[in-house]
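Undergrad:
Protein chains: 2
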Amino acid sequence: MSQSGFARTPAPPYYAVIFSSRRTAIEEGYAGMADRMEELAGQQPGFLGLESARGSDGFGITVSYWESLEAIAAWHAHAEHRVAQVAGRKKWYEHFEARVTRVERAYSGP
Amino acid sequence: MSQSGFARTPAPPYYAVIFSSRRTAIEEGYAGMADRMEELAGQQPGFLGLESARGSDGFGITVSYWESLEAIAAWHAHAEHRVAQVAGRKKWYEHFEARVTRVERAYSGP
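Protein chains in written order, with the numbering used here: chain A, 7 to 116; chain B, 7 to 116.
1. Please list, in chain order, all residues of the same chain as A/Gly66 whose beta carbon is under 6 Å from its beta carbon, the five residues on each side excluded.
2. Name the chain A residues that come within less than 9 Å of B/Tyr36, Cβ to Cβ?
3. Are any of the Cβ atoms in chain B nearer than 8 Å to that of A/Arg88?
4. To the nearest angstrom, how far is it from the Cα of B/Ser8 to the Cα of A/Glu100?
5. What are the complete alpha helix (DSSP H) segments, minimum 4 residues, inside the segment 16-64 of chain B?
6. Please name the residue or residues paired with A/Arg105 in a DSSP beta bridge.
7. Can you find a C-beta in chain B that's less than 8 Å from the C-beta of A/Glu103?
8. According to DSSP, is B/Glu86 helix, strand or coil?
9. Considering only C-alpha positions, which residue in the set A/Gln50, A/Val109, A/Lys97, A/Ser58 is nearest to A/Glu33?
10. A/Ala22 CB to nearest chain B CB: under 8 Å?
11. Would you please state the rounded distance, in angstroms, between the beta carbons of A/Arg105 and A/Ile24? I believe it to be under 8 Å.
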C-alpha cells in the first residue's frame, strides 16, 4: 500500500495550517515557488509534514503540520517566505483562506 | 472575483476535520456517495461548510467545518454516514488520515 502524499505526524496535540486557494491563470513562476516553499518549510524547526491537492478547476488545499504556534509564526515571518507571500497575493492566488488549527485527535484507515 | 469552493466560516474558534485520502481505482459508487455525503453533512446541526480538492494522482483533501466537537461526533455517528464509512474503507480509499482540529485563527487574501 502506497502512503505517498501523506504526512507522517506524531500523536496529537500538534498544529496544522489549512491553506485553501484558488489559482489565477498565471503559471509563470508558480511551480518553482511552490517547490521551493515546500523545500524551505521542510527545513524549518518544528515542521512535521505537508499534504497538498489541487483539482483541475484550480481550487487547492495545502495543509502543513507543525509542533507549535511559535514554529508557525517563525515560518510565516521567514524572509524568503515573505517574498513568496507578496508575490502570491499579487500574481498566483485569486483568493485564499488560511486557518491555523490545533490538532486534537487523529485516526487513519482503512 | 469568484469565491466558489471556499467555505464561509465565522470568526474562530470553530472546528475543522481534515480528511486526507488516496483513492483506489474503484470508481463504482464513489461519486454518488461523495455527493450524497456532502448533501447530508450540509443538513447536520453545527455544520459550517466544506472544502475539497483532489489531484489527478488520486490524492485528495476534504475539510469540513463545524461549530463544536459534539456536532462532529454526531455526524460521525450518523447512520447513513456510517454505512458510507464502511464502504469507503472497503472499496474507495486505499488509505486515509483524519484529523479533528480546533481553528484558532483565520485570515484571507489577496
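Quick reminder that beta carbons are idealized off the backbone N, C-alpha and C, glycines included. All values reported here derive from a predicted model rather than from experimental measurement.
TA: With the given structure in hand:
1. Ser27, Arg60
2. Those do not exist, as B/Tyr36 stays about 15 Å from chain A at its closest Cβ, beyond 9 Å.
3. no
4. In this predicted model, B/Ser8 has a pLDDT of only 43, less than 50, meaning its place in the structure is not dependable enough to derive any value.
5. 36-47
6. A/Ile24, B/Ala112
7. yes
8. helix
9. A/Lys97
10. yes
11. 4 Å
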